[in-house]
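Student: Attaching a single structure in structure tokens format; questions to follow.
Residue numbers (our numbering): 1 to 254.
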């Protein structure tokens, strides 16, 4: 009986091994693909105002995307640099090999740029600034942004691009700076129009986040977002990333 039991176990084991070997491996699509994102731009990408100095919206976005079932590991490389204007970001894309390599190997590029272009005009004209003071700078911004997008696509023709709009950090002083809302809207319209010339892109509006709330969303410098502000920005950018990867476009509600 002992010998019979051993023979039976051996036969069953062999049968089981054959059955396992006959099973098909899951399709390649069964396991979600990793998602690689490169974040480019100014202090809003760097995360200035983040109380823990972790990178502003970037780690929030990374964690949120990883919770989604359609992606595997999510990797975001952060190349935000405080004070960058559009001309300076363009120069970095052209000259910094690390950034160029990151763009070439990423699925999505998220860009925050333009706020410092506006601030340069504000600093040189305040408090007597008018809408006309910003027109020359806006045309220059349009030219630089178009070249930024073109250079990114030259490095990686398949990369999707999400551009975050600028917001008005002076809304708490709106009684003194009456034209800033119009200026921000005009600059965002320019950015969105240029982006629309390229496929697989999304423009993400955030100006309304800061304007239509009683909640304090700004850092103590009254210019950069605080933790709550970055959290709301991350939500908008996530929508942009998802929709552009699905072949759509994303625009914030205003």
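Where is the CB? At the ideal position from N, CA and C, for every residue including glycine. Computed from a prediction, not measured in an experiment: that's the story for all the values here.
What does the Cβ neighbour count give for residue 116, buried or exposed, with the cut at 16 atoms within 10 Å?
Tutor: buried
Student: Where residue 243 and residue 184 are concerned, what is the direct C-alpha to C-alpha distance, given to the nearest angstrom?
Tutor: C-alpha of residue 243 to C-alpha of residue 184: approximately 24 Å in a straight line.
Student: Buried or exposed: residue 168, going by 16 or more other Cβ atoms within 10 Å of its Cβ?
Tutor: buried
Student: Exposed or buried, which one is residue 259 when buried takes at least 16 other CB atoms within 10 Å?
Tutor: Because the chain spans 1 through 254 in this model, residue 259 falls outside it and cannot be assessed.
Student: Report yes if the C-beta distance between residue 164 and residue 206 is below 8 Å; otherwise report no.
Tutor: yes
Student: Taking the alpha helix (DSSP H) that residue 76 falls in, what are its first and last residues?
Tutor: Looking at the DSSP string, residue 76 is not in any alpha helix (DSSP H); the run it does join, the beta strand (DSSP E), is 74-80.
Student: When the distance is taken between beta carbons, is residue 201 closer than 8 Å to residue 138?
Tutor: At least 8 Å separates the beta-carbon of residue 138 from that of residue 201.
Student: With a CB to CB cut of under 6 Å and the five nearest residues on each side skipped, what residues in its chain are close to residue 56?
Tutor: 47, 50, 230
Student: May I have the straight-line CA-CA distance separating residue 132 from residue 193, to the nearest angstrom?
Tutor: 20 Å
Student: Between which two residues does the alpha helix (DSSP H) carrying residue 314 extend?
Tutor: This structure gives no information on residue 314, because the portion of the chain shown stretches from 1 to 254.
Student: Among all the DSSP beta bridges, which residues are the ones paired with residue 44?
Tutor: None, per the DSSP bridge assignment.
Student: How close, in whole Å, do the beta carbons of residue 161 and residue 104 come, if the pair is a contact with beta carbons under 8 Å?
Tutor: Contact doesn't hold; Cβ gap of about 14 Å is too wide.
Student: What is the rounded straight-line gap between the Cα of residue 236 and the Cα of residue 204?
Tutor: 7 Å
Student: Once you ignore the five residues that flank residue 44 on each side, which residues in its own chain have a CB closer than 6 Å to its CB?
Tutor: 112
Student: So for residue 35, helix, strand or coil by DSSP?
Tutor: Three-state result, residue 35: strand.
Student: What's the gap between the Cα of residue 120 and the Cα of residue 128?
Tutor: Rounded to whole angstroms, the gap between the alpha carbons of residue 120 and residue 128 is 14 Å.
Student: Have a look at 220, 148, 59, 33 and flag the residue whose alpha-carbon is nearest the alpha-carbon of residue 255.
Tutor: Residue 255 cannot be examined here, being either before or after the span of the chain that is shown, 1 to 254.
Student: With H, G and I counted as helix, E and B as strand and the rest as coil, what does DSSP make of residue 163?
Tutor: strand
Student: Kindly list the residues whose CB is nearer than 6 Å to the CB of residue 85, restricted to its own chain and excluding five residues on each side of it in sequence; keep chain order.
Tutor: 116, 117
Student: Report the three-state DSSP secondary structure of residue 110 (helix, strand or coil).
Tutor: It is a strand residue.
Student: Indicate the three-state DSSP secondary structure (helix, strand or coil) for residue 210 in the structure shown.
Tutor: helix
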